[in-house]
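Everything below concerns the one structure shown next.
Residue numbers (my numbering), protein chains in the order written: chain A, 993 to 1131; chain B, 993 to 1131.
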């Protein structure tokens, strides 16, 4: 049975369940950022998914990229480059980050992972960002 | 026409041309590390590839993961976690990193990108590592 690691609930907000993955918005106003967690019990590496699920994950990453771009526009900071990563050094449950980057963001040109502390959106700022992400995801 | 960015030639060594990607070994003895560059002119983001090429990229990432594990074994440091990332903040040509991580590696648990300076293998150390990678890639 798939159980979401509590680490995701502490750092991100539920958006929707896609065909394969749960899609969540990272609660960090510094970067437009979605996290995709395949709803596959026990998966830690890409190789733990069957090939057709891997292809689905790739397509959901592209969809998440469109949502990240929409979030960037809603924030008035259009995305210049997408960063996609599956690391899992701290939270081994398989998950994929899709992050929108700009040359003026606080971690550029380094990676966002491990770069400073998250800045939560707060309720008022979160609403339009979630709306933009949901609209791009078609939900 | 596909032209490899010179940045890859400066930091990595040619392994083979897979179905979609050129596979290269990152010349950094600190981490078992392959880089996959789709041979697609002008591609910067995953969305720039057609869906069937995206699925091929995913399968080549899994194959590269097996090669990274083989390199880790050849180095006497078996891989504990794979890190896969497409960033491109410094080198925008679309490419995917597949890196083998261990809790005792010099960047753990942070990402490898931007973490310290690469340590080139040198000719003698490179040979068995390339052989292990080639064997795992079936070339």
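We put the beta carbon where it would ideally sit given N, CA and C, even for glycine.
Next item on the list: Please confirm if residue 1074 of chain A has its CB atom under 7 angstroms from at least one CB of chain B.
Entry: Here residue 1074 of chain A corresponds to residue number 82 of the first chain, with the count starting at 1. So yes, residue 1074 of chain A belongs to the interface.
Next item on the list: Indicate the three-state DSSP secondary structure (helix, strand or coil) for residue 1071 of chain B in the structure shown.
Entry: Position 79 of the second chain, counted from the start, is the residue given in the question as residue 1071 of chain B. Note: residue 1071 of chain B maps to coil in three-state DSSP.
Next item on the list: Express the C-alpha separation of residue 1128 of chain A and residue 1108 of chain B in angstroms, rounding to a whole number.
Entry: Within the second chain, the letter at position 116 stands for residue 1108 of chain B. Within the first chain, the letter at position 136 stands for residue 1128 of chain A. Going by the C-alpha atoms only, they are around 38 angstroms apart.
Next item on the list: Kindly list the residues whose CB is nearer than 8 angstroms to the CB of residue 1105 of chain B, restricted to its own chain and excluding five residues on each side of it in sequence; keep chain order.
Entry: Working through the second chain from its first residue, we reach residue 1105 of chain B at position 113. The beta carbon of residue 1105 of chain B sits closer than 8 angstroms to those of 1077, 1079 and 1089, all from its chain and outside the five residues before and after it, given in chain order.
Note to self: Can you confirm whether residue 1080 of chain B, when its beta carbon is compared against all beta carbons of chain A, has any partner nearer than 7 angstroms?
What the structure shows: Here the question's residue 1080 of chain B lines up with position 88 in the second chain. At least one chain A Cβ lies under 7 angstroms of residue 1080 of chain B.
Checklist line | residue 1084 of chain B: contacting residues in chain A (beta-carbon distance under 8 angstroms) | finding: Working through the second chain from its first residue, we reach residue 1084 of chain B at position 92. Within 8 angstroms Cβ-Cβ: 1073.
Note to self: When you compare the CB positions of residue 1026 of chain B and residue 1060 of chain B, do they come within less than 7 angstroms of one another, or not?
What the structure shows: The sequence position of residue 1026 of chain B within the second chain is 34, counting from 1. The sequence position of residue 1060 of chain B within the second chain is 68, counting from 1. In contact: residue 1026 of chain B and residue 1060 of chain B (Cβ atoms closer than 7 angstroms).
Margin query: Along the chain, where does the alpha helix (DSSP H) containing residue 1120 of chain B start, and where does it finish?
Written below: To locate residue 1120 of chain B, count along the second chain from 1; it is residue 128. From DSSP, the alpha helix (DSSP H) with residue 1120 of chain B extends over 1115-1129.
Notebook entry, point to check: Which chain B residues sit within Cβ distance under 7 angstroms of residue 1047 of chain A?
Noted result: The residue you call residue 1047 of chain A lines up with position 55 of the first chain. Within chain B, the residues near residue 1047 of chain A are 1047 and 1050.
Checklist line | Listed by chain order, chain B residues near residue 1063 of chain A by CB distance under 8 angstroms | finding: Counted from its first residue, the first chain places residue 1063 of chain A at position 71. Within chain B, no residue comes near residue 1063 of chain A; the closest Cβ sits about 16 angstroms away, beyond 8 angstroms.
Check: Taking any Cβ of chain B, which residues in the segment 1098-1114 of chain A have a Cβ under 7 angstroms from it, in chain order?
Finding: Listed by position, the residues of the segment 1098-1114 of chain A near chain B (Cβ gap below 7 angstroms) are 1100, 1101, 1102, 1103, 1105 and 1106.
Check: When the Cβ atoms of the segment 1108-1121 of chain A are set against those of the segment 1090-1103 of chain B, are three or more pairs found closer than 8 angstroms?
Finding: Result no; under three Cβ-Cβ pairs closer than 8 angstroms.
Check: Would residue 1131 of chain A be called buried (16 or more neighbouring beta carbons within 10 Å of its own) or exposed?
Finding: As a working note, residue 1131 of chain A is residue 139 in the first chain. Result: exposed.
Checklist line | Secondary structure of residue 1015 of chain B, DSSP reduced to three states | finding: Here the question's residue 1015 of chain B lines up with position 23 in the second chain. In the structure shown, residue 1015 of chain B adopts extended strand secondary structure according to DSSP, grouped into three states.
Next item on the list: Indicate the three-state DSSP secondary structure (helix, strand or coil) for residue 1057 of chain A in the structure shown.
Entry: On the first chain, residue 1057 of chain A is found 65 positions in, with the first residue counted as 1. Here residue 1057 of chain A carries a helix assignment [DSSP, helix/strand/coil].
Next item on the list: Measure from the C-beta of residue 1057 of chain B to each C-beta in chain A and report whether the shortest distance is under 7 angstroms.
Entry: Residue 1057 of chain B sits at position 65 when you count from the first residue of the second chain. So, interface residue.
Notebook entry, point to check: When we look at the beta-carbon of residue 1050 of chain B and count the other beta-carbons within 10 Å, is it buried (16 or more) or exposed?
Noted result: Position 58 of the second chain, counting from 1, holds the residue named residue 1050 of chain B. Burial call: buried.
Margin query: Give me the residue from B:1083, B:1065, B:1008 and B:1099 with the minimum Cα distance to residue 1124 of chain B.
Written below: Working through the second chain from its first residue, we reach residue 1124 of chain B at position 132. The option with the nearest alpha carbon to residue 1124 of chain B is B:1065.
Check: What does a CB cutoff of less than 7 angstroms around residue 1056 of chain A pick up in its chain, not counting 5 residues either side in sequence?
Finding: The residue given as residue 1056 of chain A occupies position 64 in the first chain. 1015, 1026, 1028 and 1090.
Notebook entry, point to check: DSSP beta-bridge partners for residue 1078 of chain A?
Noted result: Along the first chain, read from residue 1 onward, the residue named residue 1078 of chain A stands at position 86. The partner list for residue 1078 of chain A (beta bridge, DSSP) reads B:1076.
Check: Thinking C-beta only, is residue 1007 of chain A closer than 7 angstroms to residue 1017 of chain A?
Finding: Within the first chain, the letter at position 25 stands for residue 1017 of chain A. Within the first chain, the letter at position 15 stands for residue 1007 of chain A. Yes, the Cβ-Cβ distance between residue 1017 of chain A and residue 1007 of chain A is below 7 angstroms.
Notebook entry, point to check: Closer than 7 angstroms, CB to CB, is residue 1041 of chain A near chain B or not?
Noted result: Taking the first residue of the first chain as 1, we reach residue 1041 of chain A at position 49. Chain B, which has no Cβ nearer than 7 angstroms to the Cβ of residue 1041 of chain A, makes this no.
Checklist line | Cut-off 8 angstroms between Cβ atoms - residues of its own chain near residue 1082 of chain B, not counting five sequence neighbours on either side | finding: Here the question's residue 1082 of chain B lines up with position 90 in the second chain. In the same chain as residue 1082 of chain B, and ignoring 5 residues on each side of it, the C-beta atoms closer than 8 angstroms to its own belong to 999, in chain order.
Next item on the list: Could you confirm whether any beta carbon from chain A is found closer than 7 angstroms to the beta carbon of residue 1054 of chain B?
Entry: The residue labelled residue 1054 of chain B in the question sits at position 62 within the second chain. So, interface residue.
Margin query: Nearest by alpha-carbon distance to residue 1087 of chain A: which of A:994, A:1003, A:1020 and A:1037 is it?
Written below: As a working mapping, residue 1087 of chain A is identified with position 95 in the first chain. For residue 1087 of chain A, the nearest C-alpha among the options comes from A:1037.
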